[in-house]
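Okay, so the sequence shown: first residue is 0 according to numbering that gives the first Met the number 0, each after it adds one.
Beneath this line is the structure, given in structure tokens, with notes to follow.
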Amino acid sequence: MSHCTFMEKITIHTGSVAEVATQLTAILGKEPSKENTLHINNHLVELYYEWFFPFDGIEIGLHNVRYKSDMEVDVLSDTSEKKYIYFQFEYKGNVSPKTPQENQKLTSLVTMMSMQSTSIFLNMKAKKGDQSQWVTLRISEDYFNRYMSHMKVHIGKVFDTANPWVIYEITPPKINLLIDDLFMLNDEMTPPLKNSLIVARSVEATGLFLDQVIRRKHQSQRNTNLHIEDIKRMQMIKEELIVLYDNTPSLTSIAEKYGVSVSKLKRDFGSVFGTTIPCFHSNYRLELAYKMLETQQVSISDVARHFGYKSLSNFSENFKEKFDTTPKEVAIKYNL
């Protein structure tokens with residue numbers, strides 16, 4: 000006899016945190032909440048959203064969700080006339096397609112950040128017991144044109160509804176620390192202190208993200224001729240890469256698997272991730288290696304082998320080039 004696991008499914012439209020909160024309330028109900036907050040606690044999910052409007056055209060959201068049931072969420076494109084750029088910084092968990100259970104603990108230590116148009120369809124899946132925390136920041140078209148028009152050369156036609164786009168980056172340690180601060184806030188803080196910290200940390204994280212985008216080597220590939228299906232394909236490839244600890248698959252094998260040419264694969268991945276597939280995968284594995292060295296007592300040679308390096312010297316050389324420190328120095332610092 001076969002057993003099927005039922006997955007609850009809900010559909011909402013992307014929008015401001017307040018608009019999303021209204022939709023979630025209509026679907027899931029809510030607990031009594033303070034102004035600009037949403038608290039839901041039922042048999043499906045425990046959820047807490049909080050949002051802030053520090054400036055006209057800027058919205059910051061803090062999100063904390065614990066899933067009590069398997070759940071799938073379809074997020075449809077924004078239906079409002081106003082257009083936004085949407086930033087997301089993962090803090091804990093990942094509600095995109097799940098990795099094998101044995102890889103969950105380690106991969107959750109390295110997070111991603113993204114910047115995208117609000118016209119992109121998103122599909123998120125979570126299993127019972129999962130927890131996700133993330134920070135969002137939305138910038139309106141008016142605010143962008145007034146204060147950030149210099150970014151157009153770097154991120155393309157960001158408000159063109161016919162040109163959906165997304166930019167991913169691995170979250171660097173500086174931004175991780177800023178996001179960590181946001182989830183350490185508590186109600187014992189006075190509103191002026193709490194609000195100023197939220198604005199300062201969120202704006203600094205966004206500035207560092209944009210600085211990283213400007214410094215990308217693949218500037219010429221920015222957001223050209225991408226379609227929704229192209230973006231979905233890149234997201235699936237990313238999910239596949241981050242659970243591979245060994246050597247990177249060949250471009251030919253990836254292209255054949257996803258039904259595209261190698262040239263299109265390279266072009267689309269460069270547009271979304273700002274680097275090549277081998278470089279992205281190498282950087283991600285090195286980030287995981289760093290996290291393993293700073294959180295577990297394990298030999299450097301074991302870490303090197305775990306992440307597909309056949310030569311300890313090659314691992315140390317790549318590690319030093321990326322982090323400007325050696326694996327041994329990291330292991331000593333965090334395992335005294």
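All residues carry an ideal CB built from backbone N, CA and C; glycine is no exception.
Owing to the predicted nature of the structure, the values given are computational and were not obtained by experimental measurement.
Just so you know, the alpha carbons of P171 and I213 end up roughly 15 Å apart. If the five residues before and after A20 are omitted, its C-beta is found closer than 6 Å to the C-beta atoms of L37, Y48, all from its own chain and listed in chain order. Contact check for I276 and L250: beta-carbon distance about 6 Å, within the 8 Å limit, so the pair qualifies.
DSSP lists M70 as the beta-bridge partner residues of A125. If you draw a straight line from the Cα of T189 to the Cα of D179, it is about 19 Å long. Under the three-pair Cβ rule at 8 Å, the region 235-252 does not count as touching the region 124-139.
Ranking D55, R65, N162 by CA distance to the CA of L46 puts R65 first. Counting C-beta atoms within 10 angstroms of its own C-beta, N317 has 16 or more neighbours from the protein chains shown and is therefore classed as buried. The three-state secondary structure of N282, taken from DSSP, is helix. For I154, no pairing in a beta bridge is given by DSSP.
In the three-state DSSP reduction, H42 falls in the coil class, being neither helix nor strand. Under DSSP, the beta-bridge partners assigned to I166 are M114. R232 places its beta carbon 7 Å or farther from that of G273. In this model, D77 and I84 are separated by some 11 Å (Cα to Cα).
For Y85, the enclosing beta strand (DSSP E) covers residues 83-91. T24 is classed as exposed because its beta carbon has fewer than 16 other beta carbons within 10 Å across all chains shown. Closest in C-alpha terms to Y146, from the list T117, I169, I57, comes I57. Less than 7 Å divides the Cβ of E71 from the Cβ of K8. Burial of A303 is indicated by the presence of at least 16 other C-beta atoms within 10 angstroms of its C-beta. Looking at V44, L177, K127, the one whose alpha-carbon comes closest to that of I197 is L177.
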